[in-house]
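Structure record follows, encoded as structure tokens.
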Amino acid sequence: MEHYVNIMLDSGFKAVFGDKQVMMDFINAALYDEREVADLNYMDKEISPELSDGRTVIFDLLCEDTDGAKFIVEMQNCPQNYFFNRGFYYICRMISRQGEKGPEWKYDLLPVYGIYLLNFSLPEFPSWRTDVVLANEQTGKTFGRIRLKQIYISFE
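Residue numbers for the sequence shown follow our numbering, so the first one is 50 and each next one is one higher.
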């Protein structure tokens, strides 16, 4: 009898994506040829609030590659109409953590990617996969080196 791991369950998700090689292969497949992740490190998944009365963020998985790019990977089983806003908030929290004190910092932001696996569909995303980037509305061109990308993959 064959056995399968259900990545929609927390234990299955962590068993599969907790494997470094599987995680790198998954990220590389999700990013197509945009970037090649040759190595990565798992990071602390809990991000403390920026304000005393702020919200703590706990990611399912958070990784960093050797160039400093961050990868948030989330699995969401229960439908949430506000999940796009939640994903964007997660990306923004990782961007804001890059700030440094002092005149030496020139706002040289490193890439942040959010890969969100959904067991439901979002009304604003009719396709099984939607990539959201920061781009010029008129031309559709992304902005230079600022790589801010959200990938929503729906299994529904």
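The beta carbon of each residue, even a glycine, is placed where N, CA and C say it ideally should be.
Treat the numbers as computed from the prediction; the structure is a model and nothing was measured.
- M57: buried (16+ other C-beta within 10 angstroms of its C-beta) or exposed? Taking the first residue of the sequence shown as 1, we reach residue 57 at position 8. Classification of M57: exposed, given that the 10 Å Cβ count is below 16.
- Message: Please return the same chain residues whose Cβ sits closer than 7 Å to the Cβ of V71, not counting the five positions on each side in sequence.
- Response: Against the sequence shown, residue 71 aligns to sequence position 22. Cβ neighbours of V71 beyond the five flanking positions: V65.
- Query: Where DSSP assigns a beta bridge to A184, which residues make up the other side?
  - Reply: In the sequence shown, residue 184 corresponds to position 135, counting from 1. Beta-bridge pairing links A184 to T191.
- Query: What is the rounded straight-line gap between the Cα of D74 and the Cα of Y53?
  - Reply: Counted from its first residue, the sequence shown places residue 74 at position 25. Counted from its first residue, the sequence shown places residue 53 at position 4. Going by the C-alpha atoms only, they are around 19 Å apart.
- Residue from G61, Y156, N126, L167 whose Cα sits closest to the Cα of Q199: On the sequence shown, residue 199 is found 150 positions in, with the first residue counted as 1. Scanning G61, Y156, N126, L167 for the CA closest to the CA of Q199 turns up L167.
- Sequence-distant residues of its chain with Cβ nearer than 6 Å to F62 (five each side left out): Looking up residue 62 in the sequence shown gives position 13. Once the five neighbours on either side are set aside, the close Cβ partners of F62 are I56, M124.
- Query: For the alpha helix (DSSP H) that C141 lies in, which residues bound it at each end?
  - Reply: On the sequence shown, residue 141 is found 92 positions in, with the first residue counted as 1. First-last of the alpha helix (DSSP H) with C141: 132 to 145.
- D220 - containing alpha helix (DSSP H), residue span: Here the chain has residues from 50 to 205 only, and residue 220 is not among them.
- Quickly, what does DSSP pair G148 with across the bridge? List them, please. In the sequence shown, counting from the first residue as 1, residue 148 sits at position 99. In the DSSP secondary-structure assignment, G148 is not bridged to any residue.
- Mind the definition here: the segment 105 to 115 touches the segment 86 to 93 only if three or more C-beta pairs lie below 8 Å; say whether that holds. Yes, the segment 105 to 115 is in contact with the segment 86 to 93.
- Query: In its own chain, which residues sit with a C-beta less than 6 Å from the C-beta of F208, not counting the 5 before and 5 after it?
  - Reply: The displayed coordinates of the chain run from 50 to 205. Any statement about residue 208 would go beyond what the structure contains.
- Item | Coil, strand or helix - M124 by DSSP | By 1-based counting over the sequence shown, the position of residue 124 is 75. Of the three classes helix, strand and coil, the one that applies to M124 here is strand, per DSSP.
- Query: Going along the chain, which residues of its own chain have a beta-carbon closer than 6 Å to the beta-carbon of S203, five neighbours each way excluded?
  - Reply: Position 154 of the sequence shown, counted from the start, is the residue given in the question as residue 203. Contacts found: L167, S170, W177.
- Query: Can you tell which of L80, V161, P175, Q147 has its C-alpha closest to the C-alpha of G136?
  - Reply: Residue numbering aside, residue 136 sits at position 87 when the sequence shown is read from its first letter. The option with the nearest alpha carbon to G136 is V161.
- Please go through the same chain and pick out, in chain order, the residues whose beta-carbon is closer than 6 Å to the beta-carbon of I96, but skip the five residues on each side of it. In the sequence shown, the residue the question calls residue 96 occupies position 47. So the qualifying residues of the chain are V106, R142.
- Message: Let me confirm a value: G163 is counted as buried when at least 16 other C-beta atoms fall within 10 Å, else exposed. Which label applies?
- Response: Your numbering for residue 163 matches position 114 in the sequence shown. Looking at its Cβ environment, which holds 16 or more other Cβ atoms inside 10 Å, G163 is buried.
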